[in-house]
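Structure, as C-alpha cells:
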Amino acid sequence: MRTQVGIVGAGPAGLLLAQLLQLQGVQSVVLEARDRDYVQRRVRAGVLEHGTVETFREAGVGVRMDAEGLAHDGTILRFGLQSHRIDFRELTGRSIVVYGQQEVVKDLIAARLDVGGELLFEVADVTLHDLDTARPRIDFVHEGVARSVECDFVIGADGFHGVSRGYLAGARTYERSYPFAWLGILAEAPPSSHELIYARHRNGFALHSMRSPTITRMYLQVRADEDISGWPDDRIWAELHTRLADDAGFTLTEGTLLDKGITPMRSFVCDRMQQGRLFIAGDAAHIVLPTGAKGMNLAVADVRLLSRALGGYYADHRTDLLDGYTELALRRVWRATHFSWWMTAMLHVSPHDDAFGDQLSLAQLDYVASSRAMATSLAENYTGLPYPKGWSY
Ligand code: RFL
Ligand code: PHB
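Straight run, no breaks: the sequence shown in this note's numbering ends on number 395.
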C-alpha cells in the first residue's frame with residue numbers, strides 16, 4: 003500500500019487526524035490493533051472543552067454531539083458538606099459539553115467509513131521503518147498476512163501502551179505516579195445533579211459525572227493497589243453516598259452497574275514528539291491525571307496542530323509548522339499537566355495521614371470557592387485555554 007500519511011491507532015487522536023486531513027484532500031491509512039466493537043465500547047473520557055467541541059463541528063462530526071451532548075455552564079465543588087458552584091459561562095464566556103469518548107469514536111469511525119477512507123482493525127505486529135528518510139514505512143500483519151504501507155509521514159496515535167514512542171531516540175520523559183487510583187463506575191441511573199460534582203471528603207475524593215439523562219458515571223479515590231474484588235456494588239454505593247453528601251439534602255439515585263474498573267493515577271510527558279518523519283500525538287506522548295478532564299482534549303489539540311502542519315506541507319511545501327510541532331504542543335501539555343496536578347492535590351486525601359497536607363487542600367478549596375480570581379483560573383483551564391495564534395487553520 004502507498005499513502006500520504008500512515009496513522010497508527012484509531013483512538014480520538016488517530017481518527018480525528020484522518021478526518022481533518024481528508025477535509026484538506028490529504029490521504030491517510032489508519033491501522034488499529036483492536037476490533038471495531040472494542041474501540042467503540044471502551045468507556046473513558048466524558049468532558050469536551052469548548053475548543054474540542056468547536057473542532058468536532060469544524061471537522062463535520064458535531065451533529066450527534068450537538069443533539070445528544072449535555073452542555074454545562076458550570077461545575078460544583080463540594081467539601082465540608084457544602085457546595086460551591088463555579089460558573090464557567092459567567093467567568094469565561096465559555097462552557098463544556100459532556101459527551102462520551104466512545105460516542106466521539108463512533109462518530110469519527112462512521113465519518114471515515116462514509117468517505118471510503120482506509121481503516122483497518124485488528125492489525126498486529128506493527129513496526130516502523132526508515133523514519134529518517136522521505137519514504138518511511140509501516141509493516142504490520144492483517145488477517146494473517148504480512149503487509150506494508152509506504153508513506154510520506156507516520157503518525158503514532160497509539161496511546162500510552164503503543165509502540166510509536168519507542169522509536170524516538172533519546173527522548174527525555176517526565177513521570178509522576180500517585181499513591182491512589184480511581185475506581186470508576188457506569189450506572190443505569192439518571193444523574194443526581196445537573197452538573198458534575200467534584201467532592202473532597204475525609205474518606206477521599208468522589209466525582210459525580212454522567213453520560214446521558216439516564217446514565218451516571220462516577221469515580222471514587224481508592225488505594226493504588228486496590229483490587230476491584232474488594233469493592234462489591236453495595237460498598238461502592240455506600241461510599242458514594244458518604245462522600246457526595248451535603249448539608250442541603252443531596253440524594254444519590256442508584257442503578258444497575260454497567261461497567262466498573264480501576265484506573266491508575268499517573269502523569270507522564272515525553273519531551274519530544276518528532277523523530278524524522280514520525281510524529282506522535284495524544285496519549286502516546288503524554289498522559290494527564292483525570293481530575294482535570296484534559297486527556298482527550300489534549301489529544302484533539304495535538305491533532306489540530308498536526309493537521310495544520312501537514313496541510314501546510316502538502317499545500318505550500320512548508321516544513322516550519324512540522325518543525326515547530328513539539329514546542330507548541332508541549333506548552334499546552336505542561337499547562338494541562340499542571341492544572342490536573344493542582345486539581346488532584348486540592349481534591350484528594352493523602353493515604354499517608356498527612357494532616358498538614360489536608361489543611362493545605364482545604365485552604366485552597368476555600369480560596370477557590372471564595373475568590374473570583376481563583377474561580378476564574380479554574381474555569382478558564384477547565385473549559386480550555388484558547389488555542390494560541392498558530393493553532394487555527
Ligand atoms: P487512545 O484512546 O488510547 O487510542 C490509541 C489507540 O491505539 C491503539 N493501539 C494500536 N494500534 C495499532 N498498533 C499498535 N501497536 C497499537 N497500540 C495501541 C489502541 O487500541 C487505541 O485504540 O489514545 P488517544 O487517541 O491519544 O486518546 C487519548 C484519550 O483516550 C485519553 O486521553 C482520555 O481517555 C483520558 N481521559 C479523559 N480525557 C478527557 O479529555 N476528559 C475526561 O473526562 C477524561 N476522563 C480519561 C478519563 C481516561 C480514563 N482512563 C480509563 C485512562 C477517564 C478515565 C477513567
Ligand atoms: C467522566 O465523566 O468520565 C469524567 C469527568 C470529569 C473528569 C474525569 C472524568 O475530571
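Using N, Cα and C, we set each Cβ at its ideal position, and we do this for glycine too.
- Cβ contact annotation for PRO353 (same chain, cutoff 7 Å, sequence separation greater than five): PRO181, PHE182, ARG225, in chain order.
- Nearest neighbour of GLU60 by Cα position, chosen from ALA159, ARG306, HIS86, turns out to be ARG306.
- Scanning the segment 93–127 from its first residue to its last, the whole alpha helix (DSSP H) runs of 4-plus residues come out as 103–116.
- Contact check for ASP273 and SER85: beta-carbon distance about 40 Å, past the 8 Å limit, so the pair fails to qualify.
- Applying a distance threshold of 5 Å between residue Cβ atoms and the heavy atoms of ligand 2 selects GLY48, VAL49, SER211, ARG219, PRO292, ALA295, given in chain order.
- The beta carbon of ARG245 lies closer than 8 Å to those of ALA201, HIS203, ASN205, GLY206, PHE207, ALA208, LEU222 in the same chain, with the five residues before and after it left out.
- The three-state secondary structure of TRP239, taken from DSSP, is helix.
- In chain order, ALA303 place their CB closer than 6 Å to the CB of ARG334, counting only its own chain and leaving out the 5 sequence neighbours on each side.
- Non-local beta-carbon contacts of GLN29 in its own chain, meaning distances under 6 Å to residues more than five positions away in sequence, involve THR5, GLN6 in chain order.
- CA-CA distance, LEU364 to TYR315, rounds to 50 Å.
- No alpha helix (DSSP H) of 4 residues or more sits fully in the segment 333–361.
- Between the segment 318–336 and the segment 45–61, the count of C-beta pairs closer than 8 Å stays below three; the two stretches do not touch.
- Per DSSP, reduced to three states, the secondary structure at ALA15 is helical.
- Rounded to whole angstroms, the gap between the alpha carbons of ALA377 and ALA371 is 7 Å.
- Per DSSP, the beta bridge partners of PRO266 are ALA183.
- In the three-state reduction of the DSSP assignment, GLN276 falls in the strand class, which pools E and B.
- In the three-state reduction of the DSSP assignment, TYR176 falls in the strand class, which pools E and B.
- Partner residues in the beta bridge of HIS131, as assigned by DSSP, are ARG139.
- In the DSSP annotation of this structure, the continuous segment of the beta strand (DSSP E) that includes THR77 starts and ends at 76–81.
- Taking all protein chains shown into account, ASP285 has 16 or more neighbouring C-beta atoms within 10 Å of its C-beta and is therefore buried.
- Between PHE123 and ASP37, the beta carbon gap of about 5 Å places them in contact (Cβ cut-off 8 Å).
- Here the C-alpha atom of LEU185 lies approximately 14 Å from the C-alpha atom of ARG268.
- The residue among LEU330, GLY313, GLN21 with its C-alpha nearest the C-alpha of LYS391 is LEU330.
- Look at TRP344: its beta carbon is at least 7 Å from all of the heavy atoms in ligand 1.
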